[in-house]
Each structure stands twice: as structure tokens, then as C-alpha cells.
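Heads up: the sequence shown runs through residues 1 to 254, numbered per full-length UniProt numbering. No residue lacks a Cβ here, since even glycine has one placed at the ideal position from N, Cα and C.
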Amino acid sequence: MIEINNVCFSFEKEVLKDINVNIESGKFYTILGPNGSGKTTLLRILSKSLPMEKGEIFIDEVDLTQIKPKVLAKEMAVVPQSTEIEFDFSVQDIVLMGRTPHISRFCSESEKDIKIAMNAMKITNTWELRNKSINALSGGEKQRVVVARAIAQETGIILLDEPISHLDIHHQIEIMNQLKELNQNKNITIIAVLHDLNLAAAYCDHMILMHNCGVYKDGIPEEVLTEDIIKKVYGLDVYITKNPKTKKTFIMPF
Ligand SMILES: Nc1ncnc2c1ncn2[C@@H]1O[C@H](COP(=O)(O)OP(=O)(O)OP(=O)(O)O)[C@@H](O)[C@H]1O
Ligand SMILES: [Mg+2]
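(1) Tell me the DSSP secondary structure of leucine 194 in three-state form.
(2) From this set, Ile251, Ile23, Glu75, which residue's C-alpha is nearest histidine 102's C-alpha?
(3) Specify the secondary structure class of isoleucine 57 as computed by DSSP and reduced to three states.
(4) Does ligand 1 have a heavy atom nearer than 7 Å to the CB of valine 15?
(5) Could you say which of Ala192, Thr189, Ala136 lies nearest to valine 91 if we only look at CA atoms?
(6) Give me whichever residues DSSP pairs with phenylalanine 11 in a beta bridge.
(7) Starting from the C-beta of aspartate 218, find all residues in its chain whose C-beta is less than 8 Å away, skip the five residues before and the five after it, and write them out in chain order.
(8) Report the three-state DSSP secondary structure of methionine 210 (helix, strand or coil).
(9) Secondary structure at asparagine 20, three-state DSSP: helix, strand or coil?
(10) Restricting to Cα atoms, I'd like to know which of Ala117, Arg149, Leu167 is closest to serine 138.
(11) Roughly how many angstroms lie between the CA atoms of valine 95 and aspartate 228, to the nearest whole one?
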């Protein structure tokens, strides 16, 4: 369980104002909202890459400020919105880095670590790329490698910031299916920022919709994706129906 209480943050201006959200373990969450609404900032605060200005966050009742980086890295994997990797590491090296929190100091990776990394590459379709340099990949290939690294980290929580923004539709569905499988079979809590409202509705249990520095609405897709809310938050007229095959909420702008 992640408890976010009254979290505030500003850069030059206020970006997050009084964020209150409870995230239940083992569920699939999506964070939605227009550009600049604070989604990345919230994920960065959750992963301690930005300090909180005000408020409190508890992970399984432990105050986030008291959790050491190595301990947090065993509990939470992060797929950032963009990943710049300066050195020419191979894909395999990058995915193996996901194992770092599990490897004792002065030790190198074990056969088990290599197996876990290999499996993460196989399920993200990056195994064929394993010997290539990370900087010689396309945007979508690189994104899949960073997801593989997060999977290899074997944490109870995975935070993903637009993990499928560069992927073709086949790979989008493949990664979303993998995340759902990890969520359902291994009880991993998934928190993914997405822009595609229909994909979000197809996969998540719960949505957090951000707008104007705050959480505008959180709830199940049927509660969040209403014509009225989409008009207020995105300024768009939409028709809302159900996908005839899956019965999930489906939005069509007009
Ligand atoms: N490093 C920074 N310095 C100053 N302002 C920043 C910085 N990072 C983000 N901001 C501002 O904070 C606000 C929220 O940014 P954030 O990246 O959290 O938005 P977002 O919801 O993730 O948007 P997007 O959908 O475009 O990724 C924006 O107005 C942005 O300009
Ligand atoms: Mg962002």
C-alpha cells in the first residue's frame, strides 16, 4: 500500500498541490492528465528522485524519507519518461543493471541474475538486441530495454512513465500484456503514466486523473472517463461507449 498525503511541490511555480492518493498493493493503476499536469513530477517524488516539499508518503506504512535507496530499489523499479545513457553499454548490461540492488557489494552477478535478465529480455522482445549498444537502438527498442531492466529488478512495485509512447501498436499491446501478467500472476503493483485513455481503460483497475496541479478524479475507469470530466480536463467533446469485444470503456472524440 502506498499512501500519499498532502504532497506539494513547486519548481518556479506550483506543480503539485495537496496530492492525496492511496494506492493498493497488487492493483494496476494508470496516471492520466494533460501535458504539464504534474504526472512525471509525482512519479519522481514517489521514486525519491525529487524531494517532497510538503506532505508525507508511506510505503507499506514506512515513511518514504526513511527508506534507503538500496532498500527502495528492491521494492520499486522505475521506467522514466526518457532515458539518456551516456556510455555505450550493451542491452544485456543495461538489463543486468536491474539486478544491482540484489547483488552484494564486491560480488558479481550470479547465474540466477543472468537467468532473470535473460527472461526479462525474452518477454520484452529484446533478446535479439542483447549484444547491441543501447545507443544504437531505435526509440521504441530502447524503451523496451528499459522496461526489461525494470522487470529484471523483481520489485513489488513498478512505476512507468509513458512506457509505450515510442512503441508500434503490436509492441504496445505486448508490453501492456506483460505488465498485466506481472500484475495478475506475481501481484506486482503497476503504476503507469499513459496518454492513451482507451488503452488505460483496457488494462487498469484504477485511474488517477491529474489536472491543474492536483488529482481531479480517481476511481475505476467508468467513474473517471465521463463526457463531462473529459470536457473539463482536456477541453474535448467525446462520445463514450463500450468496446463491444471487451466491454471496457471506449472513448471517441468528435
Ligand atoms: N526541471 C524542471 N524545471 C522547471 N519546471 C519544470 C521542470 N520539470 C517540469 N517542470 C514543470 O512542471 C510542470 C509539470 O511537469 P511534469 O513533467 O510533471 O508534467 P507531465 O504531466 O508529466 O507532462 P507530460 O504529459 O508532458 O509528460 C510543467 O509545467 C513543467 O513545465
Ligand atoms: Mg511527463
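Let me spell this out:
(1) coil
(2) Glu75
(3) strand
(4) yes
(5) Ala136
(6) Its beta-bridge partners do not exist; DSSP assigns none.
(7) Val21, His206, Met207, Ile208, Leu209, Val224
(8) strand
(9) strand
(10) Leu167
(11) 43 Å
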